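First the structure, in the form of structure tokens, and then the observations on it.
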Amino acid sequence: MRQRSFIAITAALAAGALTLTACGSRGDDGGSDSEGGGTTVVIGVDAPLTGDLSAMGLGIKNSADLAVKTANKEKAVDGITFKIEALDDQGQPSAGQQNATKFVANKDVLGVVGPLNSSVAESMQKVFDDAKLVEVSPANTGPSLTQGPDWQTKKVRQYKSYFRTATTDAIQGPFAAQYVFNDAKKKKVFVIDDKKTYGAGLAATFTEEFKKLGGTVAGTEHINPDTKDFSAVATKVKKSGADVVYYGGEYPQAGPLSKQIKAAGANIPLVGGDGIKDDNFLSLAGAGATGDLATSVGAPVEELPSAKDFVADYKAGGYKEEYSAYGGYSYDSTWAIIEAVKKVVEDNDGKLPDDARAKVTEAMQNVSFDGVTGKVSFDEYGDATNKQLTVYAVKNGAWAAVKSGTYTG
Amino acid sequence: MNELPQQLVNGLLLGSMYGLVAIGYTMVYGIVQLINFAHGEIFMTGAFGALTIYVYVLPDGTSMWIALPLMLIGAALVATTIAVGAERFAYRPLRNAPRLAPLITAIGLSLALQQAVWAWYPEAKSARTFPEIPGGPFEIGNVTIQTGDIFLLIAAPISMAFLAYFVMKTRTGRGMQATAQDPDTAKLMGINTDRIIVVAFALGAIFAAVGGVAYGLKYGQIDFRMGFILGLKAFTAAVLGGIGNIYGAMIGGVVLGIAETLATAYIADIPGMDKFGSQSWADVWAFVLLILVLLFRPQGLLGERVADRA
Chain A
1 MRQRSFIAIT
11 AALAAGALTL
21 TACGSRGDDG
31 GSDSEGGGTT
41 VVIGVDAPLT
51 GDLSAMGLGI
61 KNSADLAVKT
71 ANKEKAVDGI
81 TFKIEALDDQ
91 GQPSAGQQNA
101 TKFVANKDVL
111 GVVGPLNSSV
121 AESMQKVFDD
131 AKLVEVSPAN
141 TGPSLTQGPD
151 WQTKKVRQYK
161 SYFRTATTDA
171 IQGPFAAQYV
181 FNDAKKKKVF
191 VIDDKKTYGA
201 GLAATFTEEF
211 KKLGGTVAGT
221 EHINPDTKDF
231 SAVATKVKKS
241 GADVVYYGGE
251 YPQAGPLSKQ
261 IKAAGANIPL
271 VGGDGIKDDN
281 FLSLAGAGAT
291 GDLATSVGAP
301 VEELPSAKDF
311 VADYKAGGYK
321 EEYSAYGGYS
331 YDSTWAIIEA
341 VKKVVEDNDG
351 KLPDDARAKV
361 TEAMQNVSFD
371 GVTGKVSFDE
381 YGDATNKQLT
391 VYAVKNGAWA
401 AVKSGTYTG
Chain B
1 MNELPQQLVN
11 GLLLGSMYGL
21 VAIGYTMVYG
31 IVQLINFAHG
41 EIFMTGAFGA
51 LTIYVYVLPD
61 GTSMWIALPL
71 MLIGAALVAT
81 TIAVGAERFA
91 YRPLRNAPRL
101 APLITAIGLS
111 LALQQAVWAW
121 YPEAKSARTF
131 PEIPGGPFEI
141 GNVTIQTGDI
151 FLLIAAPISM
161 AFLAYFVMKT
171 RTGRGMQATA
181 QDPDTAKLMG
191 INTDRIIVVA
201 FALGAIFAAV
211 GGVAYGLKYG
221 QIDFRMGFIL
231 GLKAFTAAVL
241 GGIGNIYGAM
251 IGGVVLGIAE
261 TLATAYIADI
271 PGMDKFGSQS
281 WADVWAFVLL
291 ILVLLFRPQG
301 LLGERVADRA
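These protein sequence lines map, in sequence, to chains A and B.
Heads up, the final residue of the first sequence is numbered 409 in full-length UniProt numbering, and it's a clean run with no missing numbers.
Heads up, the final residue of the second sequence is numbered 310 in full-length UniProt numbering, and it's a clean run with no missing numbers.
Next up, the structure:
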């Protein structure tokens, strides 16, 4: 009997472990050997490819893939074939760090695009910096990632290997506050966040500017992202008499939250950041979402002349998923790495130097080109110099651009 | 506006769902003293069973009034099959093993079920939208109730009444009570205890399936991880109400749901407590309540009715 039970437990645990490793090794097909005589350079992609945030993550992966294919087709760098290796971080800092270690161990990886979440980036930065491996995030908006924890008073560059093409929440939050107060004419806000790096940071910068403009805060609440029941919070919002809700967080919670606030009888718009500007928000929030607002980084990709080719190529590429909120930025992040590699190769007589990683990281600082989202270059902290933002509103079951601009203090 | 009635209804609804799932924990524990940690996943697969019926079996645009009973049947079928299968192949071989062995098996099974749905159910890698009952909301005084919630308000007491009748009045139900009290003696009296255990698993699964459908209707979406946290809460509810007691499970669920809701709503208003009042602290307060109850009543709220643990 003992023997049998031992076998049964082992079997059950093995079954569990197998399924877990099965998902761990997914997308782990990135090879390393060179193809057709030329040198292969691998560009790592780290994003949530499964789970709640996968809609955004898969958009990042596909867009990076498109950039690499374009570069190979156009022979952007002579003698170099680019290739992506995508790893899934599931939006978890611990998984992100493991992926970072994996990228570092693969000598052919000369740059990494990602991650989506600021909290994941925090766990990856040091690993990459120790290996002098450059990381370009298309989506991180937490200000402290580049400018340090005391970014409001004393800006200090955190890691020389970290860059991003997305604007920070130091601009996004106040930009949203200005729109809500001046254009939407809402004066009484209820602020909710999910306590994560991104959500709490965004809610804080929004609140500060909103108060400065003369608005009042009717209440604050921190939700628990593990649950889908926000009815108690929704009732609180209704009682507070607020005429607008600001939510710092992402769409898996924002959708149900918006729906439950409307269901509780408070017919007021929910406003969020780039984390909620996704089509999944619309399906989760349902019909009541009309009038909800979101700010997102950059100008709307569909309307930029520079993005026409990207949108057309993406369609032609036959990708199953939408490019989502960060598609254009992911393409540009990938292209920035390609540009940096190009510079390094050209400076070294058409060959990759031995310390290619360090050289690429160095070259990244001075990269400058016209990308999908406009001019791509980085300031002294590694932040994008392009600080455009756009307000989107839900109209007829879709996100429609309302106003583009930037925050002017 | 006085928000108390609305918050109590919010808590009652959340708690009824905990209660429906908690019944499965408590029945299985009452009879085989096993904490079936895979029960949250039974709840999850039930919800996916209902979704399968609606999306892949019924023609598009079927009225919810026709679809809902069929979805419930589908949910119950899937959940029961998995629960009975788990009992037969994972727990029965371990029945005489040390207590910890089936517990670990249950945790492994829970992970395996989550990952199986993740890997093989179409598009289950992120949340899937669940059909909703059209109409509503209803206003009673200043309390708003959604159509999706009405299902829960009706289903939970009916399920409870059915279970009480089954356990108290039917032959199988009395067999369950006997097995819970003393499996060996019950066996000597001619009760097929193996069958009774299967019935306990199956009944628990049906209640979890009803809970799963209610979850989908209420929140409009289901995902492969929905059973994990809810399962933990339901287990807590079962302990709070007195594990082994079917009425205790439902009462424990409702108390837990209302405690969480009221903690979210009011703790922040107590002077000096505004830091600890948000929803992210509600679970902490719910567990403070659990500890307090267990300090004074280690057997749980209704724990003394040992004869009823079935």
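The C-beta atom is built at its ideal place from N, Cα and C for all residues, glycine as well.
Keep in mind that this is a model prediction, so the values were computed, not measured.
Start and end of the beta strand (DSSP E) containing residue 392(A)?
Segment 389-395, the beta strand (DSSP E) holding residue 392(A).
Endpoints, the alpha helix (DSSP H) within which residue 403(A) is located
Unbroken run through residue 403(A) is the beta strand (DSSP E), 398-405; no alpha helix (DSSP H).
What is the rounded straight-line gap between the Cα of residue 83(B) and the Cα of residue 179(B)?
The C-alpha of residue 179(B) is placed about 19 Å away from the C-alpha of residue 83(B).
If the criterion is Cβ atoms closer than 8 Å, does the pair residue 55(A) and residue 278(A) meet it?
Between residue 55(A) and residue 278(A), the gap from beta carbon to beta carbon is short of 8 Å.
Tell me whether the stretch 185-205 of chain B and the stretch 394-402 of chain A touch, counting them as touching only if at least three CB pairs, one residue from each stretch, are closer than 8 Å.
No contact exists between the stretch 185-205 of chain B and the stretch 394-402 of chain A.
By the criterion of Cβ-Cβ separation under 8 Å, what are the contact partners of residue 224(A) in chain B?
Near residue 224(A) (Cβ distances below 8 Å), the residues of chain B are 279, 280, 282, 283.
Could you tell me the distance, in whole angstroms, from the CA atom of residue 29(B) to the CA atom of residue 36(B)?
Straight through space, the alpha carbons of residue 36(B) and residue 29(B) are spaced by roughly 8 Å.
Less than 8 Å separating the beta-carbons of residue 369(A) and residue 339(A)?
At a Cβ-Cβ threshold of 8 Å, residue 369(A) and residue 339(A) count as neighbours.
N-terminal and C-terminal residue of the alpha helix (DSSP H) that residue 251(A) is part of:
Per DSSP, residue 251(A) belongs to the alpha helix (DSSP H) from 251-263.
Under 7 Å between beta-carbons, which chain A residues line up against residue 137(B)? List them in chain order, please.
Those within 7 Å of residue 137(B) in chain A are 263.
Can you give the Cα-Cα distance for residue 213(A) and residue 276(A), rounded to whole angstroms?
If you draw a straight line from the Cα of residue 213(A) to the Cα of residue 276(A), it is about 24 Å long.
Between residue 10(B) and chain A, is the shortest Cβ-Cβ distance under 8 Å, so that the two count as touching?
It does; some Cβ of chain A falls within 8 Å.
Which word fits residue 260(A), buried or exposed, when buried means at least 16 other C-beta atoms lie within 10 angstroms of its C-beta?
That one is buried.
Under 8 Å between the Cβ atoms of residue 18(B) and residue 233(B)?
Yes, they are a contact pair.
Under 8 Å by Cβ, that's how I've got residue 259(B) and residue 289(B) pegged, so tell me the actual separation to the nearest angstrom.
That belief holds up - the Cβ atoms of residue 259(B) and residue 289(B) are roughly 5 Å apart, short of 8 Å.
Just grab the DSSP bridge partners of residue 113(A) for me.
Paired residue(s): 45(A), 136(A).
Quick check: the stretch 36-52 of chain B against the stretch 240-256 of chain B, are at least 3 beta-carbon pairs closer than 8 Å?
No: fewer than three Cβ pairs fall under 8 Å.
Check the Cβ-Cβ distances between residue 270(A) and every residue of chain B, and say whether any is below 8 Å.
Interface with chain B (8 Å Cβ-Cβ cutoff): residue 270(A) is excluded.
Per DSSP, cross-strand counterpart(s) of residue 271(A)
Paired residue(s): 246(A), 293(A).
Let me check understanding here. Comparing Cα to Cα, which of 139(A), 151(A), 100(A) lies closest to residue 129(A)?
Minimum Cα distance to residue 129(A) is reached at 100(A).
Report the partner residues of residue 378(A) according to the DSSP bridge assignment.
Paired residues: 384(A).
Give me the Cα-Cα distance between residue 33(A) and residue 52(A), rounded to the nearest whole angstrom.
Bear in mind that a pLDDT of 42 at residue 33(A), under 50, signals an unreliable position, so the number given afterwards is only what the model happens to contain. Straight-line measurement puts the Cα of residue 52(A) at about 34 Å from the Cα of residue 33(A).
In chain B, which residues lie with their C-beta within 7 Å of the C-beta of residue 221(A)?
Here the neighbours are 278, 279.
Does the separation of the CB atoms of residue 257(B) and residue 15(B) fall below 8 Å?
Result yes, Cβ atoms of residue 257(B) and residue 15(B) sit closer than 8 Å.
Give a yes or no on whether 8 Å exceeds the smallest Cβ distance from residue 229(B) to chain A.
It does: the Cβ of residue 229(B) has a partner Cβ on chain A nearer than 8 Å.
Taking Cβ positions only, does residue 247(B) come closer than 8 Å to chain A?
With its beta carbon at least 8 Å from every one in chain A, residue 247(B) lies outside the interface.
Determine, using beta carbons only, whether residue 177(A) and residue 210(A) come nearer to each other than 8 Å.
A contact, by the Cβ cut-off of 8 Å.
Per-residue contacts from residue 220(B) into chain A (C-beta, under 8 Å):
The contacting residues are 256, 259, 284, 286.
Below 9 Å on C-beta distance, what does residue 233(A) contact in chain B?
Chain-order list of chain B residues neighbouring residue 233(A): 264, 265, 278, 279, by C-beta distance under 9 Å.
Run through the DSSP bridge pairs and tell me what residue 163(A) is partnered with.
When DSSP reads this structure, residue 163(A) sits in a beta bridge with 136(A).
Based on Cα-Cα distance, which residue from 82(A), 63(A), 65(A) lies nearest to residue 72(A)?
Ranked by how close their Cα comes to the Cα of residue 72(A), the residues 82(A), 63(A), 65(A) have 82(A) in first place.
Using a Cβ-Cβ distance under 8 Å, would residue 126(A) count as near chain E?
No chain E appears in this structure, whose protein chains are A and B.
Assumed close pair residue 253(A), residue 194(A) - CB separation to whole angstroms, cut-off 8 Å:
With a Cβ gap of about 6 Å, residue 253(A) and residue 194(A) count as contacting.
If we define contact as Cβ-Cβ less than 8 Å, is residue 7(B) a contact residue for chain A?
Chain A contact via Cβ: present.
Do you know offhand how far residue 243(A)'s Cα is from residue 196(A)'s?
Computed Cα separation, rounded: 25 Å.
Can you tell me the Cβ-Cβ gap for residue 60(A) and residue 251(A), rounded? I've got them flagged as a contact below 8 Å.
Between residue 251(A) and residue 60(A) the Cβ distance is about 15 Å, and since that is not below 8 Å, they are no contact.
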